[in-house]
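With the sequence shown counted from 1, adding 7 to any position gets you the working numbering. We treat Cβ as the ideally placed atom computed from N, Cα and C, and that holds for glycine.
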Amino acid sequence: MFFTFLRRLHCHVSKDEVLYIRRDEFEEPIKSEWVLEMQNVEKYRPNGPVLPDGSINWQCACMAGGSLVAHRCGNYFRELYVCMKSDDTRDPSEKCPTQFVNWAACMQNMSDERREQMRKAMTEGSGNLKISEKQ
């Protein structure tokens with residue numbers, strides 16, 4: 008009997024508070040400073056890979072919302088991306104081969120020997136490397 012009473016009591020007691028307002032209250036302009044601050048959409052507008060101040064936006068959706076840089080190979084990706092953004096006049100594949108090899112090798116779980124083969128192939132321009140093959 009006690010548990011039946013407790014169950015009924017629990018059904019009538021809510022953890023949420025329900026508020027009711029009249030229609031005229033609903034139609035009044037909002038006076039909250041917090042809501043007025045949220046209306047400043049420029050401040051909260053999503054940015055691309057580069058923030059307005061020129062720094063890198065690591066939380067950009069283009070970087071998988073930050074999970075690409077927080078990945079187990081994220082430190083290699085950050086080094087690669089910083090290198091690629093450092094000089095916009097040169098081709099990224101020419102200026103950052105070591106960083107690219109480190110990142111790609113980490114993503115594919117390559118051995119150190121395979122990583123060195125890939126690094127040599129990229130820096131020397133050798134075409135006899137099969138990247139998709141795991142060792």
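- Sequence-distant partners of L58 (beyond 5 residues in either direction) whose C-beta falls short of 6 Å from its own C-beta, in its chain, are N64.
- The way I'd put it, the region 68-83 does touch the region 106-116; three or more beta-carbon pairs between them come closer than 8 Å.
- By the beta-carbon neighbour count (other beta carbons within 10 angstroms, threshold 16), C69 is exposed.
- Annotation for K38: no alpha helix (DSSP H) segment contains it, and DSSP assigns it neither H nor E.
- Beta-bridge analysis with DSSP links V25 to no other residue.
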